[in-house]
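Novice:
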Amino acid sequence: MKRMACIEDLREQARRNVPKMFFDYADAGSYNQETLRANRTDFEKLKLRQRILVNMDKRTTATTILGEKVPVPLALGPIGLGGMMHGDGEILACRAAQAAGIPYTLSTMSINSIEDVAAAVDKPFWFQLYVMRDRGFIRELIQRAAAAKCSALMLTVDLQVLGQRHCDVRNGLTVPPEIRIKNVIDIMTKPLWAMSILKGKRKTFGNLAGHVKGMENVNSLAQWTASQFDPTLNWKDVEWVKSIWPGKLILKGILDVDDAKIAVTTGADAISVSNHGGRQLDGAPSAISALPRIADTVGSQVEVMMDSGVRTGGDMMRALALGARSCIVGRSYIYGLGAGGQAGVARAIEILGKEFDTTMALCGKTSIAEIGRDVLAETETQRRPQ
338 MKRMACIEDL REQARRNVPK MFFDYADAGS YNQETLRANR TDFEKLKLRQ RILVNMDKRT
398 TATTILGEKV PVPLALGPIG LGGMMHGDGE ILACRAAQAA GIPYTLSTMS INSIEDVAAA
458 VDKPFWFQLY VMRDRGFIRE LIQRAAAAKC SALMLTVDLQ VLGQRHCDVR NGLTVPPEIR
518 IKNVIDIMTK PLWAMSILKG KRKTFGNLAG HVKGMENVNS LAQWTASQFD PTLNWKDVEW
578 VKSIWPGKLI LKGILDVDDA KIAVTTGADA ISVSNHGGRQ LDGAPSAISA LPRIADTVGS
638 QVEVMMDSGV RTGGDMMRAL ALGARSCIVG RSYIYGLGAG GQAGVARAIE ILGKEFDTTM
698 ALCGKTSIAE IGRDVLAETE TQRRPQ
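Heads up: the sequence shown is residues 338 to 723, going by the numbering used here.
1) Distance, Cα to Cα, Met724 vs Ile439?
2) Which residues share a DSSP beta bridge with Cys664?
3) Determine, using beta-carbon pairs with one atom in the segment 477 to 484 and one in the segment 495 to 503, whether at least three such pairs fall under 8 Å.
4) Going by the beta-carbon positions, is the gap between Ala436 and Leu413 smaller than 8 Å?
5) Alpha carbon to alpha carbon, how far is Thr400 from Ala658? Give it in angstroms, no decimals.
6) Grouping DSSP H, G and I as helix and E and B as strand, with all else coil, what is Tyr467?
7) Under 8 Å, do Ala624 and Leu586 count as touching if we go by C-beta distance?
8) Where DSSP assigns a beta bridge to Ala342, which residues make up the other side?
9) Using a Cβ-based criterion (distance less than 7 Å to any ligand heavy atom), does Glu715 qualify as near the ligand MN?
10) Between Arg721 and Glu477, what straight-line distance do the alpha-carbon atoms span, to the nearest angstrom?
11) Closer than 8 Å is the cut-off here; do at least three beta carbon pairs connect the segment 672 to 684 with the segment 365 to 380?
12) Would you mind sorting Met532 into buried or exposed? The rule is 16 or more other CB atoms within 10 Å of its CB.
13) Do Gly667 and Ile416 have their beta-carbon atoms positioned less than 8 Å apart in this structure?
14) Kindly indicate the opening and closing residues of the alpha helix (DSSP H) around Val458.
15) Suppose the cutoff is 6 Å on Cβ atoms and the five residues either side in sequence are ignored; what does the same chain contact list for Gly424 look like?
16) Could you check the C-alpha separation between Glu349 and Gly604 for me, to the nearest Å?
17) Going along the chain, which unbroken runs of the alpha helix (DSSP H) with 4 or more residues stay wholly within the segment 388 to 445?
18) Would you check if the distance between the CB atom of Val635 and the CB atom of Lys589 is smaller than 8 Å?
19) Report the rounded CA-to-CA distance for Asp361 versus Ile688, giving the unit in angstroms.
20) Let me make sure I understand the geometry here. Which of Thr703, Ala706, Thr696, Ile705 has the alpha-carbon closest to that of Arg386?
21) Which of helix, strand or coil does DSSP assign to Phe542?
22) When burial is assigned at 16 or more other CB atoms within 10 Å of the CB, is Arg507 buried or exposed?
23) Going along the chain, which residues of its own chain have a beta-carbon closer than 8 Å to the beta-carbon of Ser626, five neighbours each way excluded?
24) Rounded to whole angstroms, what's the CA-CA distance from Ala456 to Pro568? Just pull it up for me.
25) Can Ala733 and Val578 be called in contact, C-beta distance under 8 Å?
26) If contacts are defined as beta-carbon pairs under 8 Å, then Val641 and Gly620 qualify, I think. What distance do you get, rounded to the angstrom?
27) On a Cα-Cα basis, can you pick out the residue from Gly543, Trp530, Asn449, Ala600 that is closest to Val355?
28) Comparing alpha-carbon positions, which option in Ser609, Leu570, Pro461 lies nearest Arg472?
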């Protein structure tokens, strides 16, 4: 892993290690992937202001996220099917995050269950919730997360209708893989991945297992899951979740300033400015372009996080400059998981942390509190009169 110099190196190694259907699931966006691409290009348009001859000897990247001290403003976000990138993937990613002192978020659609992860780690983690039609099951999930001592609930609010990912349709994605000739050949060329999956605790969605009687058949379970995402999801459901969840609540998927204003009224402790990594509404603005107005409007009332498109420590600096208190990453660490299991996730966290530290130093900032809009360079386009 030491030879992996950047997140892109981990991505390419994961592409070599993991069967195409699962790599594509993690890597691709929805429809024509316009928003997926915008998440990266809009970050790259923001130029950083280099400053010199500032004493950097005692700089620190430490801060807090939801009141908890962290060494860097970073959290690992929820990724469905994490355990299909590497056997017991969610457990390994959580261990790597906790070793680094940052939060890890377990997805509702994880392979390892809440209980699997809680039994395998030493500290609390976050749990991400999708609200499905079966409210009794959702109440049960929330109770299970509380029983596991999860320290925050991340409610994803931008997936009441599922955006189509063309790669998943073309690959015939199922969990575990459908027995097709091309799938079998693909898996045969990736023996280390296959061995890790065989050794893993589970082969299907751990949080759903046992909930639906007679649904041991994977295809039926997948159909049930697809039918359960609830198009009636609305703000009253957020209030309901808040009323039964005893801990901190994060709303993930805010992209509009009016929605951010409403989110504040729900009593949420934090919001994440996000377009679901370009996996939902294709043609929506990038998260980084939506961030400044949202942060300016509600940043004094709620903790603002940001996800979608973060691949470097420089991206983290840009996000904090535009008003985020911290960044949540998904693909950046899931590539590490596919590249090398727990060691790969640890390497991804290390890469982002070191890049952020170096970027902060070269921008002349010694602490998180000093980071503001002045970190961004004024470009020639911005100077030119309109």
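Yeah, the Cβ is synthetic: ideal placement off N, Cα and C, and Gly gets one too. From a predicted model like this one, the values you see are computed outputs, not experimental measurements.
Specialist: This is what the structure holds:
1) Beyond the ends of the chain as shown, which are 338 and 723, falls residue 724; an answer cannot be given.
2) Leu411, Met643
3) no
4) no
5) 15 Å
6) coil
7) no
8) DSSP lists no partner for Ala342.
9) No copy of the ligand MN appears in this structure; indeed no ligand is present at all.
10) The predicted position of Arg721 is uncertain, since its pLDDT is 47 and thus under 50; a value taken from the coordinates is nonetheless stated next. Straight-line Cα distance between these residues: approximately 57 Å.
11) no
12) exposed
13) yes
14) No alpha helix (DSSP H) contains Val458, which DSSP labels as neither H nor E.
15) Ser533, Ile534, Lys536, Gly537
16) 41 Å
17) 426 to 437
18) no
19) 23 Å
20) Thr696
21) coil
22) exposed
23) Ala375, Asp379
24) 34 Å
25) Outside the displayed range of the chain (338 to 723) lies residue 733, so it cannot be described from this structure.
26) Their Cβ separation, rounded to whole angstroms, is 24 Å, which puts Val641 and Gly620 out of contact at 8 Å.
27) Trp530
28) Leu570
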